[in-house]
Amino acid sequence: MFIPGFIINAVTFPGVIVHELAHQFFCRLYKVPVFKVVYFQMGNPSGYVLHEAPANKWQSIMISIGPFIFNTIVAALIAFPASLPVFTFGNSGPLDWLLIYLGVSIAMHAFPSTGDANVIWQELKDKNTHPLVKIIGYPLVGLIYLGAVGSFIWLDLLYGIAVAVAIPNFIISLLA
Amino acid sequence: MEETQLPGQPEKAGCANCGSEHIVEGYPTVLCAGCRELFIKYPVPLSIKIFAGAILILLLSSMFSFPKHLTLGLHLEKGKQYEKNHEYKAAQREFELVAQQLPRNVEANGHLLIAAFYNQDFQTCYKASERLDNINIEDNELYQKMSAVTARAGDYYADDSLAVFLQTMGDSSGHIPDTAFRTWLTSHPHNVYAMLSYASNLYDEANYTVCDSVLKDILKFDAEYTPALRLLATSQREQQLYDEAILTSNKILIINKDAGYAYAIKARIYLKQQKDALALEQALKAVEKDKSDPYNSATLALAYHFNNQPGKRDAVIKEAQALNDSSATRHIQYALDVINKKENFRN
Numbered sequence: 148m149f150i151p152g153f154i155i156n157a158v159t160f161p162g163v164i165v166h167e168l169a170h171q172f173f174c175r176l177y178k179v180p181v182f183k184v185v186y187f188q189m190g191n192p193s194g195y196v197l198h199e200a201p202a203n204k205w206q207s208i209m210i211s212i213g214p215f216i217f218n219t220i221v222a223a224l225i226a227f228p229a230s231l232p233v234f235t236f237g238n239s240g241p242l243d244w245l246l247i248y249l250g251v252s253i254a255m256h257a258f259p260s261t262g263d264a265n266v267i268w269q270e271l272k273d274k275n276t277h278p279l280v281k282i283i284g285y286p287l288v289g290l291i292y293l294g295a296v297g298s299f300i301w302l303d304l305l306y307g308i309a310v311a312v313a314i315p316n317f318i319i320s321l322l323a
Numbered sequence: 013m014e015e016t017q018l019p020g021q022p023e024k025a026g027c028a029n030c031g032s033e034h035i036v037e038g039y040p041t042v043l044c045a046g047c048r049e050l051f052i053k054y055p056v057p058l059s060i061k062i063f064a065g066a067i068l069i070l071l072l073s074s075m076f077s078f079p080k081h082l083t084l085g086l087h088l089e090k091g092k093q094y095e096k097n098h099e100y101k102a103a104q105r106e107f108e109l110v111a112q113q114l115p116r117n118v119e120a121n122g123h124l125l126i127a128a129f130y131n132q133d134f135q136t137c138y139k140a141s142e143r144l145d146n147i148n149i150e151d152n153e154l155y156q157k158m159s160a161v162t163a164r165a166g167d168y169y170a171d172d173s174l175a176v177f178l179q180t181m182g183d184s185s186g187h188i189p190d191t192a193f194r195t196w197l198t199s200h201p202h203n204v205y206a207m208l209s210y211a212s213n214l215y216d217e218a219n220y221t222v223c224d225s226v227l228k229d230i231l232k233f234d235a236e237y238t239p240a241l242r243l244l245a246t247s248q249r250e251q252q253l254y255d256e257a258i259l260t261s262n263k264i265l266i267i268n269k270d271a272g273y274a275y276a277i278k279a280r281i282y283l284k285q286q287k288d289a290l291a292l293e294q295a296l297k298a299v300e301k302d303k304s305d306p307y308n309s310a311t312l313a314l315a316y317h318f319n320n321q322p323g324k325r326d327a328v329i330k331e332a333q334a335l336n337d338s339s340a341t342r343h344i345q346y347a348l349d350v351i352n353k354k355e356n357f358r359n
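Those protein sequence lines, which keep their order, are chains A and B. Per this note's numbering, numbering of the first sequence is gapless, rising by one per residue and ending at 323. Per this note's numbering, numbering of the second sequence is gapless, rising by one per residue and ending at 359.
Given below as C-alpha cells:
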C-alpha cells in the first residue's frame, strides 16, 4: 500500500524530531558548529540540520549515521516498559500503546536519509579521504540507499516494530 | 530529514557572525572563538524540550508498572527455557507465578497446562485450561502443543466404561481377575489406562513377563507414557534386570528431567544392587526435585538406612508421617517394614 511520505512523516513526526536531535547531538559531541535546525516541517525534507563540514571524515560519517544509533536506543528505551504488557501479557493500557507508538515512530526514522547519504558520498569522493574510511563508507552509502528503497516496502516500519518488540524480548531472554 | 554541511566560505576579514577579527583558524567557517562556541552549543528550542519532557514523563509513568512486568516477563521466559530443557517442575513453578498475577494470560496458562501435564498434575492442567475458556489462542504452535497434551491426558484416567468395569469386577481389595481384564481389553484394545491397570494387576501378582509385555504394548501407542515406563522400570528391577531398569528410568528423565520419582526408582535399583552410596545420591536428587512425593521420601529413608545413617533416616520418616496422607502412610509403612525386616527388600 502506497502512502505519500509526507503523511507518514506527519504521523510519525516524533521520529523526525528525534532524528534531527540525533544529528545535533553528534555535532555537539564532535564540537561542530550548527547553524540551523529544522526539527519538523510539512515538506521535503521534513527536517534538517545545517552544520559546518567537520575536518575529520569519521566525524562526518558519524554525524550522518548518528540517528541510526540514537533513534534506535531511544526507541528501544521508550518501547521497553510498554512492550511486555502490549505484546506478551495483553494487559496494556492507553499509556502503553502511546509509548509503543512513540517507540515505533522513533525507530522508523532511525535510517539515515538519502540526504545524509549524499553528505557521506561527498566526503568519500574527496581524494584526501583515508582508504579505510572509503572501504567502510561506500557500502554504508549503498545500505542507506537500500534502506531508502526498502521504505517502499515498509522496511522502516518493520525496523520500527522490530526495535519495539524484538529488542525488549531479546533483553528479557538475556536476563532470564 | 537530513543534515547539511555548510561549504567552506571564502576568506573574510572577520567572524562571519559578529565581525570580530579574532577568528579561530583551521576551520572552513570563519568564526571567532565565542561565536564558534555559540554555534557548537546551538540551543534546543523550548518546544522541543517540552516535547522531550513529555516523553520523559510518559516513560516515568510507565516505570511504575515496569518492575512488575519485568519480573513477570523474566518468570515467563525462564519457564519457557525450563520447558524447552524438559525441566517441567521448574517450568511449572515459573508459569504458576505468572498465571497467579495474570490469570487470563494465554502464554502463561498455555505453557502451564503443558508443564503440569508432564508433571502429571492434572488438577493444575485442568485449571489452566479452564482459565483459557473462550479465549482465542493465536499462537498456533502453542495451541497445537496444548491440544496434543490435552488429547493425551485422557489416557491418564479411567473413562466411564472402564470405571464401571473396575467397580463391578473388583473384589474388596480392588483386585480384578486377569481373565476379566483380558476379555474387557478385547473389546477396548486401545484403552491405555485399562492396559496400565491390567499391567499393575500382573505386577502385583509377580507375573512380570506378561506385565512387561503389556507395558511394552502401551509404549507402542505412546512412547512417552511415563506411568508405563515407571512400572516397567520397577518390574525390571524386581526381575534383577538392573541395566534395563536404569535405562527405562533414564527414559523417564529424558521426557521430564524433573521427574523426582525416576531418581527414586534409580535409587531403589542401586539399593537392590547394594550400591548404597550411589543410591543415596539419587534419593537425595529425587527429594530435591519433588519433596511432596512420599515415594521419594520413603526412598530417601531407605537410602539413609542402608547407608547407616539412622538419625537422618528417622528424621525423614518423621517428616513424611507428619503429612498424615494415605499415600505417604503407605510408602512410609513400606520403608518401615523394610527397615524392621518385615519386608524382604534385598536378599
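Glycine residues also receive a C-beta, built at the ideal position from the N, C-alpha and C atoms.
Close beta carbons around B/Phe177, own chain, < 7 Å, minus the five adjacent residues each side: Spatial neighbours of B/Phe177 in its own chain (CB-CB distance under 7 Å, excluding positions within 5 residues in sequence) are listed in chain order as Trp196.
Neighbourhood of B/Ala28 by C-beta distance below 7 Å, restricted to the same chain and skipping five residues each side: Hits under 7 Å: Gln21, Thr41, Val42 and Leu43.
When you compare each of A/Pro228, A/Phe172 and A/Asn156 to A/Trp194 by their alpha carbons, which one comes out closest? One detail in the question is off: residue 194 of chain A reads as Gly in this sequence, not Trp. Considering only alpha carbons, the answer is A/Asn156.
If the criterion is Cβ atoms closer than 8 Å, does the pair A/Ile150 and A/Cys174 meet it? A/Ile150 is not a Cβ neighbour of A/Cys174, given a cutoff of 8 Å.
Closer than 7 Å, Cβ to any Cβ of chain B: which residues of the stretch 183-197 of chain A, in chain order? From the stretch 183-197 of chain A, only Val184, Tyr186, Pro192, Ser193, Gly194, Tyr195, Val196 and Leu197 have a Cβ closer than 7 Å to chain B.
Three-state secondary structure (DSSP) of B/Val328: When DSSP states are grouped into helix, strand and coil, B/Val328 belongs to the helix group.
Step through the CB atoms of chain A and report whether any lies within less than 8 Å of the CB of B/Met75. With 8 Å as the cut-off, B/Met75 counts as an interface residue toward chain A.
Are the CB atoms of A/Phe227 and A/Pro315 nearer to each other than 8 Å? Closer than 8 Å, so yes.
Near-chain B residues of the stretch 305-323 of chain A - C-beta to any C-beta below 7 Å: Residues of the stretch 305-323 of chain A with a C-beta atom less than 7 Å from some C-beta of chain B are Ile319, Ser320, Leu322 and Ala323, listed in chain order.
Return yes when the Cβ of A/Val251 is within less than 8 Å of the Cβ of A/Ile308, no when it is not. Their beta carbons are under 8 Å apart, which means A/Ile308 touches A/Val251 by this criterion.
Which of the three DSSP states, helix, strand or coil, is assigned to A/Phe182? In this structure, DSSP gives A/Phe182 an extended state, which the three-state scheme calls strand.
By the DSSP assignment, the alpha helix (DSSP H) with B/Glu33 in it spans what residues? Membership of B/Glu33 in any alpha helix (DSSP H) is not indicated, and neither H nor E is assigned to it by DSSP.
Secondary structure at B/Val350, three-state DSSP: helix, strand or coil? Helix at B/Val350.
Is the beta carbon of A/Lys204 closer than 8 Å to that of A/Glu270? When the beta-carbon positions are compared, A/Glu270 and A/Lys204 come within less than 8 Å of each other.
Does DSSP put A/Asp199 in a helix, in a strand, or in coil? The sequence given here has Glu at residue 199 of chain A, not Asp. Correct three-state label for A/Glu199: strand.
Rank B/Thr260, B/Leu154 and B/Tyr273 by C-alpha distance to the C-alpha of B/Leu296 and give the top, closest one. For the options B/Thr260, B/Leu154 and B/Tyr273, the alpha carbon positioned closest to that of B/Leu296 is the one of B/Tyr273.
Under 7 Å, CB to CB, which of the residues in the stretch 177-195 of chain B have a partner in chain A? Listed in sequence order: no entries.
Going residue by residue through the stretch 242-292 of chain A, where are the continuous alpha helix (DSSP H) segments of at least 4 residues, counting only ones entirely within it? Here the runs fully enclosed are 261-272.
Relative to the alpha-carbon of A/Gly289, which residue among A/Pro201, A/Asp273 and A/Trp268 has its alpha-carbon at the smallest distance? Cα-wise, what sits closest to A/Gly289 is A/Trp268.
Taking DSSP's pairing of strands, which residues face B/Cys47 in a bridge? Note: B/Cys47 sits in no beta bridge, so no partner.
Just to make sure I have the definition right: I need the residues of chain B whose C-beta is within less than 8 Å of the C-beta of A/Val181. Which are they? The contacting residues are Phe51, Ile52 and Tyr54.
Tell me the rounded alpha-carbon separation between B/Glu33 and A/Ile212. Using only the alpha carbons, I get a separation of about 35 Å.
Buried or exposed for A/Met189, please, with buried defined as at least 16 other CB atoms from any protein chain shown within 10 angstroms of its CB. Classification of A/Met189: exposed, given that the 10 Å Cβ count is below 16.
Check whether chain B comes within 8 Å of A/Lys178, counting only Cβ atoms and requiring the distance to be less than that. It does: the Cβ of A/Lys178 has a partner Cβ on chain B nearer than 8 Å.
Leaving aside the five residues before and after A/Val312 along the sequence, list all residues of the same chain whose C-beta is less than 7 Å from its C-beta, in chain order. Only Ser230 and Phe234 meet the Cβ criterion.
For the alpha helix (DSSP H) containing B/Thr191, list its first residue and its last residue. Looking at the DSSP string, the run of the alpha helix (DSSP H) that includes B/Thr191 is Asp190 to Ser199.
Within 8 Å of chain B by C-beta, residues of the stretch 154-176 of chain A in sequence order: In summary, the residues of the stretch 154-176 of chain A whose CB is separated from some CB of chain B by less than 8 Å are Asn156, Pro161, Val163, Ile164, His166, Glu167, Leu168, His170, Gln171, Cys174 and Arg175, in the order they occur in the chain.
Please classify A/Leu176 as buried or exposed, where buried requires at least 16 other C-beta atoms within 10 Å of its C-beta. A/Leu176 comes out exposed.
Run down chain A in chain order and give the residues with a C-beta less than 7 Å from the C-beta of B/Gly272. Residues of chain A with a Cβ closer than 7 Å to the Cβ of B/Gly272 do not exist, since the nearest Cβ in that chain sits about 24 Å away.
Is it buried or exposed, A/Leu246, if we count other Cβ atoms within 10 angstroms and call 16 or more buried? Taking a 10 Å sphere around the C-beta of A/Leu246, we find 16 or more other C-beta atoms and assign the residue as buried.
Would you kindly check if the distance between the Cβ of A/Thr261 and the Cβ of A/Tyr292 is under 8 Å? Cβ distance < 8 Å, so A/Tyr292 and A/Thr261 count as in contact.
Given a limit of 7 Å on CB to CB distance, which residues of the stretch 275-299 of chain A reach chain B? Those residues of the stretch 275-299 of chain A that come within reach of chain B (Cβ to Cβ, closer than 7 Å) do not exist; the list is empty.
Label A/Val118 either buried or exposed according to how many other C-beta atoms from any shown protein chain fall within 10 Å of its C-beta, with 16 as the threshold for buried. Not covered by the structure: residue 118 of chain A. The range shown for chain A is 148 to 323.
Please list, in chain order, the residues of the stretch 214-236 of chain A that have any C-beta partner in chain B closer than 7 Å. The residues in question are Ile225, Pro228, Ala229, Leu231, Pro232, Thr235 and Phe236.
Three-state class that DSSP yields for B/His187 in the structure shown: DSSP places B/His187 in the coil class of the three-state scheme, outside both helix and strand.
I need the boundaries of the alpha helix (DSSP H) containing B/His123, first residue and last residue. Start and end: Val118 to Tyr130.
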